[in-house]
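Taken in order, the sequence shown gives residues 73 to 245; the numbers are from the numbering used here.
By construction, the Cβ of each residue, glycine as well, lies at the ideal position given by its N, Cα and C atoms.
Structure first, commentary second.
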Amino acid sequence: MSDTPKRGTLAYTMATWIHALHQSGITAADPGVQEACARLAADEDNEEAGEALVALLRAQLGDGELGDAQVLAAQLYGTATVATGLGESRRQALREARRYQFQRGLPWMACIVDRFPDGSVGPHWVLVEALDMQVTCLDPYPWDDIDETLTQPLVDFLVKWELGGMEGLRWVG
Numbered sequence: 073m074s075d076t077p078k079r080g081t082l083a084y085t086m087a088t089w090i091h092a093l094h095q096s097g098i099t100a101a102d103p104g105v106q107e108a109c110a111r112l113a114a115d116e117d118n119e120e121a122g123e124a125l126v127a128l129l130r131a132q133l134g135d136g137e138l139g140d141a142q143v144l145a146a147q148l149y150g151t152a153t154v155a156t157g158l159g160e161s162r163r164q165a166l167r168e169a170r171r172y173q174f175q176r177g178l179p180w181m182a183c184i185v186d187r188f189p190d191g192s193v194g195p196h197w198v199l200v201e202a203l204d205m206q207v208t209c210l211d212p213y214p215w216d217d218i219d220e221t222l223t224q225p226l227v228d229f230l231v232k233w234e235l236g237g238m239e240g241l242r243w244v245g
């Protein structure tokens with residue numbers, strides 16, 4: 073198993089999001105993505121299948137920006153089933169994110185600005201699972217030996233999310 077951290081990388085975070093959607097019965101249109109998700113569903117410890125899914129996504133993600141992720145998600149699920157904006161203000165975005173969490177029960181992708189272990193600061197992709205007084209972000213790649221689940225206070229998350237443009241990618245099907 074790989075011991076290289078995957079946290080913050082769009083392709084790894086998106087692969088885990090797509091897998092979570094697949095586990096909830098939401099199937100991607102791409103046969104290669106379907107096959108990789110089916111292999112992962114059959115064996116949750118299958119890092120090879122996880123890497124295959126990441127490779128498929130990385131080849132289509134371009135520069136790895138939110139717009140690229142949105143285009144790819146629309147290709148996989150249809151334009152009417154994915155959305156990015158959650159609101160103009162912190163209050164509105166927080167309300168919409170909580171509403172989404174309550175209604176859908178699915179994780180959503182967010183870009184935050186964070187400090188990395190080497191001291192640099194930059195964009196960092198997370199998969200938000202729970203948004204309460206503490207924000208729980210899923211391990212962006214659960215198929216390796218590194219547990220990168222992230223829990224942080226809501227206020228810290230909101231500041232980092234604002235710095236990242238308060239954008240998110242979610243399934244609204």
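How many angstroms separate the CA atom of residue 160 from the CA atom of residue 102?
33 Å
Using only CA atoms, which one of 110, 204, 136 lies nearest to residue 169?
204
Looking at C-alpha atoms only, which residue of 114, 141, 104 is the closest neighbour of residue 243?
141
Separation of residue 211 from residue 191, as counted between CA atoms
21 Å
Could you pull out every residue in the same chain whose Cβ sits closer than 7 Å to the Cβ of residue 84, ignoring the five residues on either side in sequence?
78, 126, 212, 213
Mapping the DSSP letters down to three states, classify residue 90 as helix, strand or coil.
helix
Based on Cα-Cα distance, which residue from 199, 235, 130, 97 lies nearest to residue 149?
97
Residue 233: first and last residue of the uninterrupted beta strand (DSSP E) it sits in
Looking at the DSSP string, residue 233 is not in any beta strand (DSSP E); the run it does join, the alpha helix (DSSP H), is 226-235.
In whole angstroms, what separates the C-alpha of residue 114 from that of residue 107?
11 Å
Can you tell me which of 187, 143, 239, 200 puts its alpha carbon nearest to the alpha carbon of residue 92?
200
Shortest alpha-carbon distance to residue 153 belongs to which of 164, 136, 167, 180?
180
Considering residue 107, what are the terminal residues of the alpha helix (DSSP H) in which it resides?
103-114
Assigned exposure category for residue 239 - 16 Cβ within 10 Å defines buried:
buried
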